[in-house]
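These notes concern the structure reproduced below.
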Amino acid sequence: MKLILLPLLLLASVFTFAQQLDTPNYTVEIQELCPEGEVQCQNVLYKGTSKISGASIELKGSAWHSLCADGVTPCRFLGYKFNNGRIRYLVFESGLLQVIGSSGKVVLEEQGLWDYQQQDKATSDLQSQSTPDTKTKG
């Protein structure tokens, strides 16, 4: 019985945070597989799927932060970094997807919306549609 409970407790202690970024040509799923409260998660999964071809790629990477003045403490969350050999995939907090080739040149750059931004936009659109016209005739 104890052997069954231990894996369940370990599984429950790992917090999975998933989000999705939609750009014009790609859908990117990001999963943080770190304990809750861990600031610099080093276990992040990336699954990018082409909306055109359906081809996908899965990568492992980390959260990306700027450093505070001491040069050690993480300050501002910037997004996520992933490597595929010498090709770097950057997913910015702002929703920008950037792929940097082995030469250091940007080979792909697309602005997208995170799933929570799409939900906020949809809610805002619904609210603006349901707001009654306050103009009065007279």
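Under numbering that gives the first Met the number 0, the sequence shown has 42 at position 43, and the numbering climbs by one with no breaks. Every residue, glycine too, gets a C-beta built ideally from N, C-alpha and C. Fair warning: this is a prediction, and the values are worked out from it, not measured in the lab.
Taking the C-beta atoms as reference points, GLN117 is found no nearer than 8 Å to LEU95. Only exposed fits ILE51, as fewer than 16 other CB atoms lie within 10 angstroms of its CB. When DSSP states are grouped into helix, strand and coil, GLN41 belongs to the coil group.
Annotation: SER65 to GLU37 spans about 16 Å, alpha carbon to alpha carbon. CYS67 and PRO73 have their C-alpha atoms roughly 6 Å apart. ASP114 carries a helical assignment under DSSP once its states are collapsed to helix, strand and coil. Between VAL90 and ILE99, the CB-CB gap reaches or exceeds 8 Å. The Cβ neighbour count for VAL27, taken over all protein chains shown within 10 Å, is at least 16; the residue is labelled buried. Per DSSP, the continuous beta strand (DSSP E) segment holding GLY60 begins and ends at 55–66. A distance below 7 Å between beta-carbons, with the five flanking residues on each side excluded, links ARG85 to the following residues of its chain, in chain order: SER101. Within the model, the alpha-carbon separation for ARG75 versus ILE56 is close to 28 Å. Between TYR45 and the set LEU112, GLU108, LEU107 and LYS80, the nearest pair of CA atoms involves LYS80. Within the same chain, and ignoring the five residues on either side of CYS40 in sequence, the residues whose Cβ sits closer than 8 Å to its Cβ are GLU31, LEU32, CYS33, SER61 and ALA62.
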